[in-house]
Amino acid sequence: MSKTFTAKDVAEHKDEKSGMYIIVDSGVYDITNFLDEHPGGAKILKRMAGKNATKQFWKYHGKNVLDKYGGKLKVGELQETAKL
């Protein structure tokens with residue numbers, strides 16, 4: 296069963312000490328151990344940690360990247376919030 300996170304939960308994971316999470320679409324991904332593997336470098340991942348990186352992710356990556364790495368990095372889903 297997948298864990299559910301709020302945007303606030305993800306925001307608490309913005310450094311290597313607490314773990315670094317990003318949101319892409321409705322998925323939550325732990326990128327802490329992926330920093331050194333990221334072809335674009337660790338700097339951009341560190342800048343996006345704790346945030347919704349959907350727009351930036353899709354600007355530079357295709358679906359194949361999410362298919363390749365998503366399975367091992369995904370830790371849960373973003374909880375839906377009421378849109379009032």
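All letters in the sequence shown, in the order written, are residues 296 to 379 by the numbering used here. Think of the CB as a built atom: it goes at the ideal place given N, C-alpha and C, for glycine as much as any other residue. Here the structure is a predicted model, which means the values were calculated and not measured.
Item                                                                                                                            : Value
Check I339 in the structure and name its three-state DSSP category.                                                             : helix
State the Cα-Cα distance for the pair Y316 and T376, rounded to the nearest angstrom.                                           : 19 Å
So what's D304 in DSSP terms, helix, strand or just coil?                                                                       : helix
Pop quiz: S313 and E372 are said to be a contact at Cβ under 8 Å. What is the actual Cβ separation, rounded to whole angstroms? : Between E372 and S313 the Cβ distance is about 20 Å, and since that is not below 8 Å, they are no contact.
What is the rounded straight-line gap between the Cα of Q374 and the Cα of G345?                                                : 15 Å
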